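Structure first, commentary second.
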Amino acid sequence: MTTMTIAKAINEGLRATLSNHPKSLLMGEDIGPLGGVYRVTDGLIAEFGADRVVDTPLAESGIVGTAIGLALRGYLPVCEIQFDGFVFPGFNQITTQLAKMHSRSNGNLTVPVVIRIPYGGGIGSIEHHSESPEALFAHTAGLRIITPSNPHDAYWMIQQAVDCQDPVIVFEPKRRYWLKGEVDTEAAGLAEDPFKAHVVREGTDATVVVYGPLVPVALAAANAAAEDGRSVEVIDLRSISPIDFDTIEASVKKTGRLIVAHEAPTFGGIGGEIAARISERAFHSLEAPVIRVGGFHMPYPVAKVEEDYLPDIDRILEALDRTFAY
Amino acid sequence: MGATHLPSTEFDGTGLDDQLEAEAEAALGEPAAEMVQLLGPDGTLGTDSVFSEYADRLDAEKLRGFYADMAAIRRFDQEATALQRQGQLALWVPLTGQEAAQIGSGRASQPQDYIFPTYREHGVALTRNVDLAELLRQFRGISNGGWNPKDTNFHLYTLVLAAQTPHAVGYAMGIQRDQRLAEANGLAESGTAEPKAAVMVYFGDGASSEGDVHESMVFASSYNAPVVFFCQNNHWAISVPTAVQTRIPLSNRAKGYGFPGIRVDGNDVIAVHAVTEWALEHARQGNGPVLIEAFTYRVGAHTTADDPTKYRESSEEALWRAKDPLDRLEKYLRSEGMADDAFFEQVAADGNELAAYIRKSTYESDTPDIRTAFANTYVEAHPLVAEELAWFEEYSAGFAGEDAAEGAGN
Chain A
1 MTTMTIAKAI NEGLRATLSN HPKSLLMGED IGPLGGVYRV TDGLIAEFGA DRVVDTPLAE
61 SGIVGTAIGL ALRGYLPVCE IQFDGFVFPG FNQITTQLAK MHSRSNGNLT VPVVIRIPYG
121 GGIGSIEHHS ESPEALFAHT AGLRIITPSN PHDAYWMIQQ AVDCQDPVIV FEPKRRYWLK
181 GEVDTEAAGL AEDPFKAHVV REGTDATVVV YGPLVPVALA AANAAAEDGR SVEVIDLRSI
241 SPIDFDTIEA SVKKTGRLIV AHEAPTFGGI GGEIAARISE RAFHSLEAPV IRVGGFHMPY
301 PVAKVEEDYL PDIDRILEAL DRTFAY
Chain B
1001 MGATHLPSTE FDGTGLDDQL EAEAEAALGE PAAEMVQLLG PDGTLGTDSV FSEYADRLDA
1061 EKLRGFYADM AAIRRFDQEA TALQRQGQLA LWVPLTGQEA AQIGSGRASQ PQDYIFPTYR
1121 EHGVALTRNV DLAELLRQFR GISNGGWNPK DTNFHLYTLV LAAQTPHAVG YAMGIQRDQR
1181 LAEANGLAES GTAEPKAAVM VYFGDGASSE GDVHESMVFA SSYNAPVVFF CQNNHWAISV
1241 PTAVQTRIPL SNRAKGYGFP GIRVDGNDVI AVHAVTEWAL EHARQGNGPV LIEAFTYRVG
1301 AHTTADDPTK YRESSEEALW RAKDPLDRLE KYLRSEGMAD DAFFEQVAAD GNELAAYIRK
1361 STYESDTPDI RTAFANTYVE AHPLVAEELA WFEEYSAGFA GEDAAEGAGN
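So the protein lines, in turn, are chains A and B. First residue of the first sequence? That's 1 in this note's numbering, and the numbers climb one at a time after it. First residue of the second sequence? That's 1001 in this note's numbering, and the numbers climb one at a time after it.
Right, here's the structure in full:
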């Protein structure tokens, strides 16, 4: 066990990938000598050279598009998109090309490209630097989407994404990059399956499903609720596509109440999908409607008011009050 | 190569005159920029200081082969158009007029090269030994591909314009890494290295406006990738003329990226072959990318759903028919005594045989099963796909015994 931050864990995960897979390579803007704007690739170019850690021209479609070509040639590219709000110039390549290549080739071609995207708000930044666009990608068949919430998961999930033969987007919770935790670099343990949700706090009265940056928030809310005598179960979703509905269903059948929270706007979001599926699977177990907690239907607001936008402990507690009111 | 012509970037009176002149020239079917041409419309072979050497490599058998290929793909094009009119295909994308651009460039490629087409490159597909019946599956709604690109190094058609251009550059970056790895391992010295390869990517004058072309050229230039950008300027992006896409000859754009750009007569199969062979050798040898603009013309409609009479004069089509790529090669072959009536009769007979095969294959093609789509959405097992497939099977089973035409398929 080693204590490290999420950023360092991803760095170590990428180092392990570059060591284990001779055909893997990293590509992105400023990922070379600078080590990325968040220093996630720090030191890797010195160790593996400019053919394996590629500083690219400033062009997201070009990054994803050339990564697809490299994958067709047998390489394992890991692309870094500098910020969530800057993925959209590459959106066409991701959704019309990367996601569909295996299907449209009748299974003849595989494009095991990994795309890393730092996402989410709470860092007081300027516009386009705080967004959570995961639902836009989750709606696209052919992609897999995972998001770690802690250093151990981060270390293993980035490697599992590279090992996966499907294209995988890894959304990295940027405001938690400096969150420290224990990492077992020898064994994945519970993190063996990146597409499985984890119950990170057991409870009996209500279930709160979260992922990425909101996992610590939900845990804190659960602790606060415990002071009021409420036993809240918290699930770290980990995978946004596919979603591990079995784990959520089992929890809801126990607690009877479900809250889904994410930073992304609730309208058309992952929370809505979970609410619909769980209504179908566990209708008779539900004591209350599934409640979504999330961003408002507006462009991500300016930093001075983002605290009013982002789900926090109080917003989750308020949702718990509502579910218990039924 | 035409380096002296630097077009005005200002919209002053002179620039406008230049533009009007260029448009007039385009309307006449005459190029506004220096262009490599070896075989003229009258069937006489000229010379070029650089490319004649490449043309000299072609013997009579190869030239007859070019003619046979161009005739075959034109006959195929006619047959596919007919099949669409009969309702056998949902849509067809005709290539007539562009045979020389496609056969000349495709025949210049080598088996180890990898080709990324757009969706009109039926002639290139022929040169890569793609089964032309497979090609029609996409237009019949049976498959989104139909052939395995690994068999022929001819990628699937890409319908999102220019999206394949960065794929080509990435593939070329992979070739670079493979070659460096081989060199590091001493394979070159031991003679066990793979032959040097390059990538060629096709797009058109319309797609040249897409940002992906720009990004691809930036990446290709920055990394000196072994890629040939082959732009077929067929003068019309559906209904919009080239003048709306560019104020300068497209080949000139290469200068801005720092690699060679060559405009070639796209209806001259000998010149296209020569220029492409030069460009692919240039790329394979590690000298970086090349842009080729094949100056040609889409004689027919954009697709079978298009109506060119709405946006262009038939006199323009007539001008270009006079530059027909097959006619000029036939004139040359006959005048040089390289081919006689018997040869051309045989080519026509072979074309009819190909058409019969295409017709038969299309009529007999299988009906796809949506289970294939379930199976191919992901490589690895996926719980949502499994769940939805299980539902579909159960739902479909409810129709068991009913006429398939009235069942779950509808």
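Backbone N, C-alpha and C fix where the C-beta goes; we use that ideal spot for every residue, glycine too. These numbers were taken from a predicted model, which means no experiment stands behind them.
Within a 10 Å sphere around the beta-carbon of residue 1323 of chain B sit 16 or more other beta-carbons, which makes this residue buried. Nearest C-alpha to residue 64 of chain A among A/28, A/198, A/34: A/28. Under DSSP, residue 79 of chain A shares a beta bridge with A/27, A/115.
Within 9 Å of the CB of residue 1149 of chain B, the CB atoms of chain A belong to 72, 105, 108, 109, in sequence order along the chain.
Of all alpha-carbon atoms in A/301, A/270, A/258, the one lying nearest the alpha-carbon of residue 285 of chain A is that of A/258. Under the three-state reduction of DSSP, residue 1037 of chain B is assigned to coil, being neither helix nor strand. Here DSSP, grouped into helix, strand and coil, assigns residue 1049 of chain B to coil. Boundaries of the beta strand (DSSP E) harbouring residue 258 of chain A: 258-265, taken from the DSSP string. Under the three-state reduction of DSSP output, residue 4 of chain A falls in the strand class. Looking at the backbone, the Cα of residue 1065 of chain B and that of residue 1343 of chain B are separated by about 11 Å. Near chain A, meaning a CB-to-CB distance below 9 Å, the residues of the stretch 1172-1197 of chain B are 1172, 1173, 1174, 1175, 1176, 1177, 1178, 1180, 1181. Think of a sphere of 7 Å around the beta carbon of residue 242 of chain A: the chain B residues whose beta carbon falls inside it are 1382, 1383, 1384, in chain order. In terms of Cα proximity to residue 1222 of chain B, the closest of A/56, A/24, A/20 is A/56. In this structure residue 1145 of chain B does not touch residue 1161 of chain B by the C-beta definition: roughly 18 Å separates them, more than the 8 Å allowed. By alpha-carbon distance to residue 1386 of chain B, the top candidate from B/1397, B/1374, B/1379 is B/1374.
Considered as a whole, the stretch 1261-1335 of chain B harbours 1269-1284, 1314-1321, 1325-1335 as its complete alpha helix (DSSP H) runs of no fewer than 4 residues, in chain order.
The Cβ neighbour count for residue 298 of chain A, taken over all protein chains shown within 10 Å, is under 16; the residue is labelled exposed. Nearest to residue 1095 of chain B by alpha-carbon distance, out of B/1325, B/1368, B/1253, is B/1325. The Cβ-Cβ distance between residue 1040 of chain B and residue 1321 of chain B does not fall below 8 Å.
Chain-ordered, the chain A residues with CB closer than 8 Å to the CB of residue 1167 of chain B read 65, 66, 68, 69, 72, 97. Straight across, the Cα-Cα distance linking residue 283 of chain A with residue 148 of chain A is about 29 Å.
Restricting attention to A/243, A/211, A/249, the CA atom closest to the CA of residue 311 of chain A is found in A/211. Contact annotation: residue 1205 of chain B and residue 1245 of chain B have beta-carbon atoms nearer than 8 Å. Not a single C-beta of chain A is nearer than 8 Å to the C-beta of residue 1257 of chain B. For the 8 Å CB-CB criterion, residue 235 of chain A and residue 209 of chain A form a contact. A direct Cα-Cα distance of roughly 11 Å separates residue 1318 of chain B from residue 1312 of chain B. Rounded to whole angstroms, the gap between the alpha carbons of residue 32 of chain A and residue 154 of chain A is 21 Å. Taking 8 Å as the upper bound for CB-CB distance, residue 1195 of chain B and residue 1112 of chain B are in contact here, some 5 Å apart.
Less than 8 Å separates the beta-carbon of residue 69 of chain A from that of residue 1166 of chain B. Within the model, the alpha-carbon separation for residue 66 of chain A versus residue 82 of chain A is close to 17 Å.
Close to residue 1212 of chain B, with beta-carbon spacing below 7 Å, are these residues of chain A in chain order: 61, 65. Neighbours of residue 1222 of chain B in chain A, taken as residues whose beta carbon is under 7 Å from its own, are 57 in chain order. Nothing from the stretch 1272-1295 of chain B brings a Cβ to less than 7 Å from some Cβ of chain A. With respect to chain B, the C-beta atom of residue 7 of chain A has no partner C-beta closer than 8 Å. Secondary structure at residue 66 of chain A: helix, using DSSP grouped into helix, strand and coil.
The beta carbon of residue 203 of chain A is closer than 6 Å to those of 231, 232, 233 in its chain, skipping five residues each way along the sequence.
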